[in-house]
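Inspection log for the structure reproduced underneath, given as C-alpha cells.
2 protein chains.
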Amino acid sequence: MSLPAAYAELFKYIDSHSSEYIETLREAVAIQSVSASAERRQDTCRMVDWTAERLRNARCDVVIKDIGYEKLADGSEIPLPPVIFATLGSDKNKKTICIYGHLDVQPASVGDGWDSDPFTLTERDGKLYGRGATDDKGPVLCWIHAIEAYHAMGVEIPVNIKFVFESMEESASVGLEELLTQEKNTYFSDIDYVCVSDNYWVGTQTPSITYGLRGNCAFQVEVECAKQDLHSGVHGGTVHEAMADLIYLLDSLTDNEGNIPIPNFSKSVAPLTEEEKSLYDPITFDVNECRKTIGCNKLRHNEDKVQLLMHRWRYPALSIHGIEGAFSGSGSKTVIPKKVIGKFSIRIVPNQETDEVNEMVVAYLGDKWKERGSPNNFKVIVERSGKHWSEDPFHPHYTAAREATRHVYGVEPDLTREGGSIAIVADLKRVLQKNIVLLPVGTGDDGAHAENEKINIRNYIEGTKMFLAYMYEVAQI
Amino acid sequence: MSLPAAYAELFKYIDSHSSEYIETLREAVAIQSVSASAERRQDTCRMVDWTAERLRNARCDVVIKDIGYEKLADGSEIPLPPVIFATLGSDKNKKTICIYGHLDVQPASVGDGWDSDPFTLTERDGKLYGRGATDDKGPVLCWIHAIEAYHAMGVEIPVNIKFVFESMEESASVGLEELLTQEKNTYFSDIDYVCVSDNYWVGTQTPSITYGLRGNCAFQVEVECAKQDLHSGVHGGTVHEAMADLIYLLDSLTDNEGNIPIPNFSKSVAPLTEEEKSLYDPITFDVNECRKTIGCNKLRHNEDKVQLLMHRWRYPALSIHGIEGAFSGSGSKTVIPKKVIGKFSIRIVPNQETDEVNEMVVAYLGDKWKERGSPNNFKVIVERSGKHWSEDPFHPHYTAAREATRHVYGVEPDLTREGGSIAIVADLKRVLQKNIVLLPVGTGDDGAHAENEKINIRNYIEGTKMFLAYMYEVAQI
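Those protein sequences? They're chains C and H, same order as listed.
Once you know that position 450 of the first sequence is 450 in the UniProt record's numbering, the rest is easy, because the numbers rise by one and skip nothing.
Once you know that position 254 of the second sequence is 254 in the UniProt record's numbering, the rest is easy, because the numbers rise by one and skip nothing.
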C-alpha cells in the first residue's frame with residue numbers, strides 16, 4: 001500500500017528544508033557532549049538543554065529527569081546529565097511509540113586522525129563529517145524534523161510519541177535502567193512499541209532493519225607466580241612461570257575453527273528456524289569486499305556469505321584481546337612477569353543467559369587450572385556481562401518498519417542483526433517488555449566511534465522521511 | 001699453602017687505606033658514565049680519562065684505543081667511548097694475566113626508587129650505595145688499589161698485567177669484539193689467563209668462583225590477521241584471529257614441567273659428569289630463602305637444591321616475556337588486534353650452538369604453523385643470540401683463584417655458574433682462547449642494574465686483597 005497523498009507534500013517539505021536541517025546538525029555537533037569526560041559534563045548538559053528547547057518548539061511536553069550523580073575514579077561525584085522525557089499527543093485511539101536516542105558522543109580530536117575538526121560539521125562529497133553526526137545526533141534530529149514537518153504542513157501526527165533522550169549512552173548508560181524501572185508504570189505505562197535508531201545499515205546501498213544484537217561477557221584470568229618481576233637469566237628454569245600458565249589457559253578457550261570447547265557451551269543457542277534462515281540469502285553482503293576492507297587473507301566458514309553473517313550475528317564467538325602485566329613494548333626484554341592478566345570476551349546470543357555463560361567459563365577455567373597442576377595463584381574475574389537481544393522480525397511492528405523503509409528507498413530492506421551489543425536495547429526490552437525495532441539511518445561506513453565519523457546527506461534527509469512514514473505505518477498496525 | 005709473609009703487610013696496608021678507597025669510589029660513582037644515554041657520552045669519556053689517569057699513577061703503560069662511532073636511532077653518529085689498554089710489567093719469566101672490567105653503568109635516577117642519589121656514594125650499615133658501586137666500578141678500583149699496594153709496600157708484582165677496561169658493557173659492548181680480534185696477535189699475544197670480576201656471589205655469605213654462563217637466544221613470532229584492529233562485536237566469529245594463532249604457537253613452546261618440546265632440543269646439552277655433579281652439593285643455597293625472596297608458592301623440581309641450581313645454570317630454559325600489539329592496559333577493550341608479536345627467549349647451555357638452536361626453533365614454529373592451518377601471515381624473527389660460556393673448574397687457573405679466595409675469606413668458595421649471560425665473556429673466550437675465571441667481588445644482594453645498587457665495604461676491601469692473592473697464586477701455577 002502506498003502512503004496517503006499528504007505524505008508526498010511532507011516529503012517535498014523535507015527536501016526543501018535540507019539546508020536548514022544541516023545547519024541544525026552543525027549546531028548539535030558543535031556542542032562537545034562527550035559523556036566520558038568529566039570536563040565536558042557542562043557541554044553534555046548544554047546539549048540536553050539545546051535539545052529540550054527544540055522539542056518544546058516542536059510542541060512536545062518536556063520533562064527533564066534528574067538521575068543523580070556519577071562517582072568518578074578519584075571518589076568525587078559530578079551530576080549525571082539529565083534524561084529528556086518528551087511527550088507529543090495523548091490520543092487514546094492512537095498507538096503510542098517510544099523513541100529512544102542519545103545526545104552524548106565519543107571523544108574526538110584532530111590528533112586522532114580526523115581530516116577536519118570533529119566538532120565542526122564539514123561537508124565533503126555529499127557527506128557530513130563530525131562527531132555525533134551519525135551516532136546519534138543526526139538520527140535524533142531526524143525525529144524532531146519529522147514532527148516539525150507534520151506541524152508545518154498541518155498534517156495530523158498518526159501516533160502518540162514518548163521520547164527518551166539520554167546523554168550517557170557512550171558511558172554505559174549510567175542511571176538509565178533505574179529510571180526506566182521507576183517509570184515503567186507511569187511515563188512508559190501506555191507505550192505500544194519502541195523504536196531505536198542507533199545503528200547502521202550493514203553495507204552502504206541497501207537499508208537495514210535490525211532485529212537482533214549479540215550480548216557480551218568479558219573476562220579476566222589472572223595468574224601470579226612471584227611478588228616481583230624476575231630476570232629470565234637468573235630464574236628461568238626454576239620458576240613455574242605465570243605467563244606459560246596463562247598462555248595454556250587462553251589456548252584452551254578456542255580452536256583453529258573458532259569453536260569454543262567449553263562443555264555444553266552452545267547447547268542453549270537458539271536453533272535456526274527455516275523462517276529465520278530465509279532472511280539471510282537476500283541480504284546485500286559482498287564477502288570479497290568485506291575481506292578487502294578488513295585486509296585479511298581469508299575469512300572463516302569457507303567465506304560462505306550466509307555462514308559468515310550467521311557467525312557474525314547469531315552464533316557466539318570468543319576473542320582474546322590481550323594480556324596485562326607482560327612485556328608489551330617493541331624489542332626484547334628478558335623478564336619473567338610476576339602477574340599476568342589475560343583478557344577475553346564472548347559474544348553471546350539468544351538464548352544464552354549471561355549468568356549461565358559466566359558460570360560455565362569460570363568452571364571450565366577452574367578445571368583447566370586443575371589439569372595444569374601449577375602451584376601459582378589463579379583467579380577468574382567476570383568483568384562485565386551484557387545481554388543479547390532479539391525480536392521476531394515477522395512481528396507486525398517490523399512489517400510497519402519495512403513498509404516505511406520501502407516507501408522512502410523503494411527497495412526491500414535487509415532484515416539484519418548486529419554482532420555487537422547496545423546494552424540499552426536489552427534494558428529497554430527487559431523493563432518495558434514491548435516490541436523494539438532498530439531502524440538505522442546511517443550506512444555501514446559511517447565510522448561511528450572512529451575518526452572522520454559522518455552521515456550521508458542522503459541518509460540524513462531520507463531518514464527523516466522514513467521516520468514520518470514509520471509513524472504512519474505503525475498507526476496502521 | 002699460606003701466602004708469603006709480605007702479604008700480611010700488604011693486607012694491613014689495604015685495611016689502613018680503606019677510607020681512601022671509599023673516597024676514590026665516591027669520585028668514580030659521581031661520574032655519570034651511563035653508556036645507554038647519548039647525553040651522558042661526555043661523562044662516559046670523562047670516566048675513561050679519570051681511570052686512565054689513575055692507571056698511569058699506578059705506573060701502567062696506558063694506551064687509549066679509539067673504537068669508532070655509535071650509530072644512533074635517528075641516524076646520527078657519536079664517538080664511542082674509547083677502550084683502555086694498560087700494561088704493567090713485561091717480565092718474560094712471569095705469567096701475564098688479562099684483566100677485564102667496565103667503566104660504564106646502567107641508567108639510574110632517584111625517581112626509580114633509590115633511597116639516596118644514585119650518583120652520590122652513600123654509606124649505610126657498612127654498605128656503599130651508588131650506581132656502579134658493584135657493577136663494575138668497585139671491582140675495577142679493587143684491581144688498581146691492589147697494584148698501588150704492591151708499589152707502596154715495595155713488593156714485586158708476581159705477574160704481568162694487561163688491563164682491558166671498556167665503557168660500553170651495559171650497551172652490548174659495541175665495538176669491543178672487533179678490537180679484541182684486531183689485537184689478538186699484538187696486545188693480547190702473550191696473555192696466559194683472563195680474569196673478569198663482573199658478577200656476584202650466589203648468596204651473601206660464601207664467596208663464589210664462576211665457571212659458566214648460559215647463553216640466550218631471543219625470538220619474536222609475529223601473526224597478522226588484518227590491516228587494522230577490528231571490533232570483536234562486529235567481526236568476532238568471522239575472522240581467524242591473530243591472537244588465538246599466536247597463543248597456540250606460544251603454548252606449544254613449553255609444558256607445565258618447563259620442558260621444551262622442540263624435537264632434539266636438548267640432545268646437544270653437555271652431559272653431567274660425576275666431577276661436575278660433585279660441585280653442587282657443597283654450594284650454600286637455601287631453597288626456602290630463595291622461594292621467599294622470589295615470593296612464589298613453590299619452585300620447580302620438587303624444590304631440590306641441586307636440581308634447582310642445575311636448572312638455573314646448566315640446563316636450558318624458555319621464558320615467554322609478553323606480546324606486542326595486543327591490548328595490555330587495565331580493564332577491558334573489545335578489540336581483535338590486527339598484528340601481534342610474541343616475545344620469548346631460550347637460555348642455552350654448553351654445548352648448544354646458537355645457530356643450531358635458532359634453526360630448530362624456526363623450523364619447529366614453522367611446523368606448528370602448518371599444523372594450525374591458519375590463513376594469516378606468520379613470521380619468526382631471530383632477535384638476538386648470545387653464546388654460553390663455561391670452563392673446566394678443575395683447571396689450575398681455577399685452583400689459583402680458589403686458593404686466593406681461601407686466603408682472604410678463610411673458607412672454600414662455591415664453584416658456581418650463572419643463569420644469565422655476560423656476552424663479553426663468550427667473546428673473550430672465542431677470540432683469546434685462554435682460560436677465563438670469573439672472580440666476583442660483590443654479594444648476591446648487591447642489586448646491580450636495580451635501584452639501591454651497593455657494594456659491602458667488607459667485599460670492597462677484601463676483594464682488593466683477593467686480587468692481590470690471586471696474582472700471587474697465578475704466579476705459582
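All C-beta atoms in this analysis are idealised placements derived from N, C-alpha and C, irrespective of residue type, glycine included.
Treat the numbers as computed from the prediction; the structure is a model and nothing was measured.
Buried or exposed for residue i, going by 16 or more other Cβ atoms inside 10 Å?
{"i": "N259/H", "result": "exposed"}
{"i": "P207/C", "result": "buried"}
{"i": "E257/H", "result": "exposed"}
{"i": "P4/H", "result": "exposed"}
{"i": "N452/H", "result": "buried"}
{"i": "I78/H", "result": "exposed"}
{"i": "A73/C", "result": "exposed"}
{"i": "K292/H", "result": "exposed"}
{"i": "A317/C", "result": "buried"}
{"i": "V63/C", "result": "exposed"}
{"i": "L272/C", "result": "exposed"}
{"i": "P337/C", "result": "buried"}
Could you name the residues that DSSP lists as bridge partners for residue i?
{"i": "R227/H", "result": "Looking at the sequence itself, residue 227/H is Lys, so the reference to Arg does not match. DSSP lists no partner for K227/H."}
{"i": "K343/C", "result": "Q220/C and G322/C"}
{"i": "F467/H", "result": "Its beta-bridge partners do not exist; DSSP assigns none."}
{"i": "C98/H", "result": "K162/H and V194/H"}
{"i": "S390/H", "result": "G212/H"}
{"i": "F327/C", "result": "G322/H"}
{"i": "N435/H", "result": "Y193/H"}
{"i": "G442/C", "result": "Y200/C"}
{"i": "I336/H", "result": "L230/H"}
{"i": "Y409/H", "result": "Partner(s): none; Y409/H has no beta bridge."}
So, are the CB atoms of residue i and residue j less than 8 angstroms apart?
{"i": "L128/H", "j": "I346/H", "result": "no"}
{"i": "L180/C", "j": "R417/C", "result": "no"}
{"i": "T96/H", "j": "D192/H", "result": "yes"}
{"i": "Y100/H", "j": "I424/H", "result": "yes"}
{"i": "I209/C", "j": "Y21/C", "result": "no"}
{"i": "F119/H", "j": "A30/H", "result": "yes"}
{"i": "L439/H", "j": "S173/H", "result": "no"}
{"i": "Y211/H", "j": "G442/H", "result": "no"}
{"i": "L55/C", "j": "I14/C", "result": "no"}
{"i": "V242/H", "j": "I294/C", "result": "It should be noted that the sequence gives Ala, not Val, for residue 242/H. No, they are not a contact pair."}
{"i": "G322/C", "j": "G237/H", "result": "no"}
{"i": "A401/H", "j": "Y315/H", "result": "no"}
{"i": "S232/H", "j": "V335/H", "result": "yes"}
List the residues of chain H that residue i touches, going by C-beta distances under 8 angstroms, in chain order.
{"i": "M168/C", "result": "Within chain H, no residue comes near M168/C; the closest Cβ sits about 18 angstroms away, beyond 8 angstroms."}
{"i": "K343/C", "result": "F327, S332 and K333"}
{"i": "R131/C", "result": "By Cβ distance, chain H contributes nothing, its closest Cβ being about 18 angstroms from R131/C, past 8 angstroms."}
{"i": "R347/C", "result": "S232, G233, G236 and G237"}
So residue i contacts chain H; which residues on that side make the cut at Cβ distance below 7 angstroms?
{"i": "D251/C", "result": "I247, Y248 and D251"}
{"i": "E324/C", "result": "S328, G329 and S330"}
Can you name the residues of chain H whose CB is closer than 9 angstroms to the CB of residue i?
{"i": "R417/C", "result": "None at all; the shortest Cβ gap to chain H is about 11 angstroms."}
Along chain C, which residues have their Cβ under 9 angstroms away from the Cβ of residue i?
{"i": "H321/H", "result": "S232, M243, A326, F327, S332, K333, T334, V335, I336 and P337"}
{"i": "N199/H", "result": "Per Cβ cutoff of 9 angstroms: no residues; N199/H is ~11 angstroms from chain C at best."}
{"i": "H240/H", "result": "N256, G258, C296, N297, K298, L299 and R300"}
Note down, in chain order, every chain C residue with its Cβ under 7 angstroms from the Cβ of residue i.
{"i": "T122/H", "result": "Within 7 angstroms Cβ-Cβ: nothing; T122/H doesn't reach chain C, min ~23 angstroms."}
{"i": "A317/H", "result": "G236 and G237"}
Against residue i, what residues of chain C qualify as contacts under a CB-to-CB distance less than 8 angstroms, listed in chain order?
{"i": "H102/H", "result": "None at all; the shortest Cβ gap to chain C is about 18 angstroms."}
{"i": "R311/H", "result": "Strictly speaking, residue 311/H in this sequence is His, with Arg absent from that position. Those are G237 and T238, listed as they occur along chain C."}
I want to see whether chain D comes within less than 8 angstroms of residue i, judged by CB atoms only; does it?
{"i": "H145/H", "result": "Note that chain D does not occur in the displayed structure, where the protein chains are C and H."}
**Asked** In chain order, what residues of the segment 204-238 of chain H put their CB closer than 8 angstroms to some CB of chain C?
**Response** R214, N216, A218, Q220, C225, A226, K227, Q228, L230, H231, S232, G233, V234, H235, G236, G237 and T238
**Residues within the segment 285-308 of chain H neighbouring chain C, beta-carbon criterion of under 7 angstroms** = I294, G295, C296, N297, K298, L299, R300 and L308
**Message:** If the cut-off is 8 angstroms on Cβ atoms, which residues from the segment 377-388 of chain C count as contacting chain H, listed in chain order?
**Reply:** N377, E383 and R384
**Message:** Please list, in chain order, the residues of the segment 355-379 of chain C that have any C-beta partner in chain H closer than 8 angstroms.
**Reply:** R372, G373, S374, P375, N376 and N377
**Message:** Against chain H, which members of the segment 252-279 of chain C pass a CB distance test of less than 9 angstroms?
**Reply:** S252, L253, T254, D255, N256 and G258
**Request:** With 7 angstroms as the limit, tell me which residues of the segment 421-450 of chain C have their beta carbon closer than that to any beta carbon of chain H; keep them in chain order.
**Result:** S421
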